[in-house]
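> Shown below is the structure under consideration.
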Amino acid sequence: MEFAKLTIRAALEGLRKRTLSAVELAQAVVGAVEACNSTLGAYLWFDREAVLKEAAAADEARAAGSDLPLLGIPLALKDNICVAGEPCGCASRMLEGFIAPYDSTVAERLRGAGAILAGRTNMDEFALGTSTESSAVQLTRNPAAGDYVPGGSSGGSAAAVAGGLALAALGSDTGGSVRQPASHCGCVGVKPGYGRISRFGVVACASSFDQVGVLTKSVADAALLVNIMAGFDPRDATTLMVKPAAWDGSSDLHGMRLGLPMEYFVDWVEPEVKSAALAAAERCRELGAEVIEVSLPHADYGPAAYCVLAAAELSTNMARFDGVRYGERAAGVKRIEGLYGESRGAGLGSEVKRRILFGTHMLSGANYERYFMQAQRVRALVGDDFSKAFECCDALLTPVVPAAARKLGESDGSPVEAYRNDSFVVGVNLAGVGALTVPYGTTAAGLPVGVQVIAPTLQESRLYRVASALEAMIGGGR
-19 MEFAKLTIRA ALEGLRKRTL SAVELAQAVV GAVEACNSTL GAYLWFDREA VLKEAAAADE
41 ARAAGSDLPL LGIPLALKDN ICVAGEPCGC ASRMLEGFIA PYDSTVAERL RGAGAILAGR
101 TNMDEFALGT STESSAVQLT RNPAAGDYVP GGSSGGSAAA VAGGLALAAL GSDTGGSVRQ
161 PASHCGCVGV KPGYGRISRF GVVACASSFD QVGVLTKSVA DAALLVNIMA GFDPRDATTL
221 MVKPAAWDGS SDLHGMRLGL PMEYFVDWVE PEVKSAALAA AERCRELGAE VIEVSLPHAD
281 YGPAAYCVLA AAELSTNMAR FDGVRYGERA AGVKRIEGLY GESRGAGLGS EVKRRILFGT
341 HMLSGANYER YFMQAQRVRA LVGDDFSKAF ECCDALLTPV VPAAARKLGE SDGSPVEAYR
401 NDSFVVGVNL AGVGALTVPY GTTAAGLPVG VQVIAPTLQE SRLYRVASAL EAMIGGGR
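Residue numbers (our numbering): -19 to 458.
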């Protein structure tokens, strides 16, 4: 099988049967990156020599009897996830040249499973954006159509996987930042429930929303990676100690009840996107599931609440990037007040500054009660809506985004556009539940379209069960 379509599961089978070596696998990754990354712009940093060296060591370990679950598998990581000794710049001038001094928990667990952490992928600066165009380093293109955005903020990870430059990649999902680019590029994207995967060593965006996620070529690969990374971490007090039952690989939908939230199937959703979700629902019905209409009555208020809360948390988290504690320091400034302003002014991009200002405003004076606390109340209502929906169904099936990917540079930069684009993904982050997007066809223009499956936090197996059934119908899950 050609590397561009090779899944982790298939690669592991080849490695165990000795029909493929880790060095051969690494050489395929290196070749793909060297041939295509200059055009695609998926990776910000890739260490060719280290990848080949670690692959040779993996082959030696396997020959000596080791059978770690990811032994010899190269993976890409978003540029906000710390790997000791590697750059971690969040695609920002502010952190240019910063080298992570320690491993994040996810990097530590992947290394412990035998994975090769091969490179850093592009992203919207500090994970703020939906197209990866706010990266201060380079442009990333959609592998399906080079003139289109890959989505964001984990656009580099999605482009690397869909473009055949990685077997799989990690991203982070604060308000759809794994699922939206996965849908736009045509790969599987999983945001586990909040607290399932440690955030230790991941540069914080909005701490009560952030969750590490995965982008893969198959549902089975996503389940494998999440299972390895998930679990309690004493360095992250928000991680859950309860471990859900593992997915048994079943795609049998008999006995399942799926809900279609009518608030996600509104008139302004692009017809081809809506049709894909409805077709997926019909296919699930044919495969034995019961499909019913449900309501998430506060869904329309979710994006506004998310904007307020995420920006408020961001403004606090970004205070550390001042040129003193972290970040590039402005030269020739003698007063501390001027140093902060000059360093942040030069190091941070316009979108980051806009959101910091907005978040600070939401926390100032009377706005704290008027907006921030009101948004917290809406968040609770959104969470209640999901809880009630899951009382009558096992999972929800929805569009991921209201439209397929747009062209590069086509946005007018309006926050309203981003607000609408996030309509179907931010509710999951507000409620803290798990969600997965799986490719389900293309538009007439050839742009990928995904559908979203949503399930309670400790019921990830439902996500994989539904998504694998849909994946099988379109020839996925290789």
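Just so you know, even glycine gets a beta-carbon here, dropped at the ideal spot from N, CA and C.
Going by C-alpha distance, which of K314, M353, L233 is nearest L289?
Looking at the Cα atoms, M353 is the closest of the given residues.
> In the DSSP output, which residue or residues are listed as bridge partners for S152?
V192.
> Taking buried to mean at least 16 other C-beta atoms within 10 Å of its own C-beta, is M242 buried or exposed?
With fewer than 16 Cβ atoms within 10 Å of its Cβ, M242 is classed as exposed.
> Could you please give me the residues that DSSP links to V396 through a beta bridge?
In the DSSP output, where bridge partners are listed per residue, V396 has none listed.
> Measuring CB to CB, does K223 end up less than 8 Å from A415?
No, the pair does not count as a contact, with Cβ atoms beyond the cut-off.
> The beta strand (DSSP E) spanning Q432 covers which residue range?
Run containing Q432: 428 to 435, per the beta strand (DSSP E) assignment.
> For A(-9) and D402, what's the separation of their Cα atoms in angstroms?
Their Cα atoms are separated by approximately 35 Å.
> List, from N- to C-terminal side, the alpha helix (DSSP H) runs of 4 residues or more that fit wholly inside the stretch 226 to 292.
Whole alpha helix (DSSP H) segments, 4+ residues: 251 to 266.
> Using the Cα positions of P251 and E4, report the straight-line distance between them to the nearest angstrom.
The alpha-carbon atoms of P251 and E4 are separated by roughly 44 Å.
> Buried or exposed for D47, please, with buried defined as at least 16 other CB atoms from any protein chain shown within 10 angstroms of its CB.
D47 is exposed by the Cβ-count criterion.
> How many Å lie between G491 and N409 at the Cα?
The shown model of the chain, from -19 to 458, leaves out residue 491, and the question about it has no answer.
> Does any residue of chain C bring its CB to less than 8 Å from the CB of R(-2)?
Going by chain labels, chain C is absent from the structure shown, which holds only one protein chain.
> Can you list, in chain order, the stretches of the alpha helix (DSSP H) that have 4 or more residues and sit fully within the stretch 12 to 66?
Here the runs fully enclosed are 28 to 43.
> Could you spell out where the alpha helix (DSSP H) holding K(-3) opens and where it closes?
Residues -12 to -3.
> How is F301 classed by DSSP in three states: helix, strand or coil?
Of the three classes helix, strand and coil, the one that applies to F301 here is strand, per DSSP.
> Taking the Cβ atom as the reference point for each residue, do V446 and S163 lie within a distance shorter than 8 Å?
No, these two residues do not count as a Cβ contact at 8 Å.
> From the DSSP output, in three-state form, read off T112 for me.
Here T112 sits in coil by DSSP.
> Quickly, what does DSSP pair T378 with across the bridge? List them, please.
T378 is bridged to Q432.
> Note down, in chain order, each residue of its chain lying with its Cβ closer than 7 Å to the Cβ of V406, except the 5 sequence neighbours on either side.
G155, G156, G282, P283, Y286.
> Tell me the DSSP bridge mates of A383?
Beta-bridge pairing links A383 to no other residue.
> With DSSP as the reference, label G321 as helix, strand or coil.
Residue state, collapsed to three classes: helix.
> Which value, in whole angstroms, describes the spacing of the CA atoms of G132 and A424?
The alpha-carbon atoms of G132 and A424 are separated by roughly 23 Å.
> Just the C-alpha distance for A256 and F301, rounded to the nearest angstrom, thanks.
The alpha-carbon atoms of A256 and F301 are separated by roughly 42 Å.
> The beta strand (DSSP E) spanning G99 covers which residue range?
96 to 101 is the span of the beta strand (DSSP E), which, as asked, contains G99.
> So who's on the other strand from A415, going by DSSP bridges?
DSSP output for A415 lists K171, I434 as bridge partner(s).
> Would you kindly report the start and end of the unbroken alpha helix (DSSP H) that includes N122?
Element bounds for N122: n/a, residue is neither H nor E.
> Where does R458 sit, in a helix, a strand or coil, going by DSSP?
With a pLDDT of 49 at R458, under the threshold of 50, the modelled position of this residue cannot be trusted, and the question is left open.
> Determine which residues share a DSSP beta bridge with D213 and list them.
Bridge partners of D213: D216.
> Tell me which same chain residues have a C-beta within less than 6 Å of the C-beta of T219, skipping the five on either side of it?
Correct list, in chain order: G175, S178, F212, D213.
> Quick check on DSSP: helix, strand or coil for Y464?
The structure shown does not extend to residue 464, since the chain is modelled only from -19 through 458, so no value can be given for it.
> Return the first residue and the last residue of the alpha helix (DSSP H) that E331 is part of.
That run of the alpha helix (DSSP H) goes 330 to 342.
> Closer than 8 Å by C-beta to H341: which residues in its own chain qualify, once you throw out the five before and the five after it? Chain order, please.
The answer, listed in chain order, is N347.
> Does V313 come out as helix, strand or coil in the three-state DSSP assignment?
It is coil, neither helix nor strand.
> Can you give me the C-alpha to C-alpha distance between D232 and L450, rounded to a whole angstrom?
If you take the alpha carbons of D232 and L450, they lie about 11 Å apart.
> Once the 5 residues before and after S111 are set aside, which same chain residues still bring their CB inside 6 Å of it?
Counting only Cβ-Cβ distances below 6 Å, and skipping sequence neighbours, we find V129, G132.
> Would the stretch 309 to 317 and the stretch 269 to 282 be scored as touching if the rule is three or more Cβ pairs under 8 Å?
No: the two stretches stay apart, fewer than three of their Cβ pairs being nearer than 8 Å.
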